[in-house]
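Single-structure report; data block below.
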Amino acid sequence: MKTAKPLPNQNAKPAGGRFPKTDSRYWLSRIFKPVNDRGQESVNYSMRVSYKGRRLAFTLDVGEKELAARKAADIYLNIVKHGVDATLIKQRPQAPEKPVSVATVGEYIAAAEKVFSGEPRTFGGYALALRRIAGDMQGTLKTSKRFKPGGKTDYRRKVDIVPLDVLTPERIQAWRLAHVAKAGKNPAAQKSARTTANSLLRQARSLFGKRITRYITGLNLPQPLPFSSVEFFPRESMKYQSKIDPAKLLQKATSELQIAVPDAYIALLLALGCGLRRGEIDRLLWGQVDFDKGVIHLEVTEAGGLKSADSQADVAIDATMVGMLRGFHALATGAHVLTGGNSEESSRKWGHRYRADGTFEKLNAWLRENGVDTRTPLHTLRKEAGSLIATAHGIHAASKFLRHHDIGITAAVYADHKERVTIPMGSFLKPENVIELEQPIAEPTEKLPTKTKRHAR
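What follows is the structure in structure tokens.
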């Protein structure tokens, strides 16, 4: 009777005394459970392997030892057959890339501010326009709420988290039309709304110009860039129409402001007599006034810069202006022409603040009471000055006087000839064969017969 052969010992080593790496039994003593920095052991096994000089490690994602060993053997076999790189791709599949979130309004403004090379005030206008449009689109806050305690901070916080990809051409167009629709049926209000919309869109678009975007890295910007294909309303007529009698206005200011509010009077003189802008008046130093030559040197000083390079020039002043400014200079206690230091009196809740904001508000209020009832009365005096020069000396002289970069600006906005030019309609109605009578025709004393006899031929 034959005896049964004993079953092979699964744990018995081969003749060479060692299991090959493709055998799961090889890995039973080599797989391990990693321990983290806090001394906690992982629930799953891992393996390490060296192949052709490359040291590799794999997480087996299995907590049962024999299953983990079989998986380790399979991994090694895959390395031998397909190579290390293919095995890494198979065993360590790359997680799908998370989409990089588009930069927000706040992130972009912060990045753009770091690379902007212009005036901070200019950048502030760009940023304000972008926040205004994005905030309107999202219905973030009503404008009136921005000026309540904490309103500005809350408004900015909510607008700054708006992603830039909401600024699509479709939504920008919708905002543009809605902005004008808010003006209702009033043609004047609609005109103002179109002008405001164009201004906000131009400023916001400037924030995404090449001078800024070329230096911004690390932010995911939408493509196409916001406002790249924006459409503007046709330019509204900006022609200045004079409604001022400058002689009467100056005479009244002399009697009411010269002694009572001297700073306001000086500001009026510089705007109406020299065509200076508010910022130029605010920063003007006595050292820039050359009394002997009768000129004001507008230039960059320690008090501040100018609007543009074209703003730098010498502005001539007549003898009367020289005399008046000499008198104020004799009483001056500081370097600035305007005393200033009263900006705390200003009621301005936003925008650029000037040294002499309080003075400008007093002057604007006085001007409105005296017929200069415009949105910017002080600037209207500059327009009036340009109009006076254009009437007396022509458009080129006015452009030079106002220090415009382009004469087209002067022609489109400031030049309004105040001399009345009319068509002589009366001469059209006076034929040559009509003799004018010095006295009216007298009424006849006797009535003429209603019928007369025909004269014989």
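Convert by adding 77 to the 1-based position in the sequence shown; the result is the number in my numbering.
Note that beta-carbon positions come from the ideal geometry of N, C-alpha and C, so glycine has one too.
Here DSSP, grouped into helix, strand and coil, assigns THR453 to coil. Per DSSP, LEU375 is one residue of the beta strand (DSSP E) stretching across 372-375. Boundaries for MET315: no alpha helix (DSSP H) harbours it, and the DSSP string shows neither H nor E there.
For the options LEU133, ALA281, TRP104, ALA409, the alpha carbon positioned closest to that of ASP340 is the one of ALA409.
The way I'd put it, the stretch 266-274 doesn't touch the stretch 230-249; fewer than three beta-carbon pairs between them come closer than 8 Å. Per the Cβ contact rule, the stretch 317-325 is not in contact with the stretch 430-440 (fewer than 3 Cβ pairs under 8 Å).
Counting along the chain, SER127 sits inside the beta strand (DSSP E) bounded by residues 123-128. Burial state of TYR292 is exposed, judged by a 10 Å Cβ sphere holding fewer than 16 other Cβ atoms. Bounds of the alpha helix (DSSP H) holding THR436 are 434-446. By the criterion of a C-beta distance shorter than 6 Å, TYR203 is surrounded in its chain by GLN280, SER283, LEU284, once the five residues flanking it on both sides are discounted.
With contacts defined as CB atoms closer than 8 Å, VAL179 and ARG208 fail to qualify as a contacting pair. Here LEU296 really is in contact with ALA188; their C-beta atoms are around 6 Å apart, less than 8 Å. Just so you know, the alpha carbons of ALA407 and VAL338 end up roughly 16 Å apart. DSSP links HIS413 through a beta bridge to LEU362.
CA-to-CA, the gap between THR416 and ARG360 works out to about 10 Å. Of the candidates TYR185, LEU277, ALA206, TYR185 places its Cα closest to the Cα of LEU241.
Separation of PRO301 and LEU479 (C-alpha to C-alpha, rounded to the nearest whole angstrom) is 39 Å. The secondary-structure analysis by DSSP pairs LEU133 across a beta bridge with VAL126. Nearest to THR273 by alpha-carbon distance, out of PRO311, PRO303, PRO299, is PRO311. Rounded to whole angstroms, ALA211 and ARG233 show a C-alpha spacing of 11 Å.
At the C-beta level, PHE405 and ILE289 stay beyond 8 Å of one another. Nearest neighbour of VAL182 by Cα position, chosen from GLU313, GLN215, GLY116, LYS262, turns out to be GLN215. In the three-state reduction of the DSSP assignment, PHE109 falls in the strand class. Taking C-alpha positions only, LEU137 is separated from PRO303 by approximately 48 Å.
By DSSP's assignment, GLU118 forms a beta bridge with VAL112.
Where ASP391 is concerned, the enclosing beta strand (DSSP E) starts and stops at 390-393. When the Cα atoms are used, ALA469 and CYS351 turn out to be separated by approximately 15 Å. C-alpha of ARG459 to C-alpha of PRO299: approximately 42 Å in a straight line.
Here the alpha carbons of VAL257 and PRO454 stand approximately 25 Å from one another. Nearest neighbour of LYS439 by Cα position, chosen from ALA330, ARG354, SER306, turns out to be ALA330. Annotation for PRO246: the continuous alpha helix (DSSP H) segment containing it runs 246-258.
LYS325 has its alpha-carbon roughly 20 Å from the corresponding atom of GLY400. For PHE309 against LEU346, the beta-carbon gap comes to about 38 Å, at or over 8 Å, which does not count as contact. ILE249 is the residue among GLY286, ILE249, LEU506 whose C-alpha sits nearest the C-alpha of ASN275. For PRO240, the secondary structure class from DSSP, reduced to helix, strand or coil, is strand. The criterion of a C-beta distance shorter than 8 Å is not satisfied by LEU334 and GLU357.
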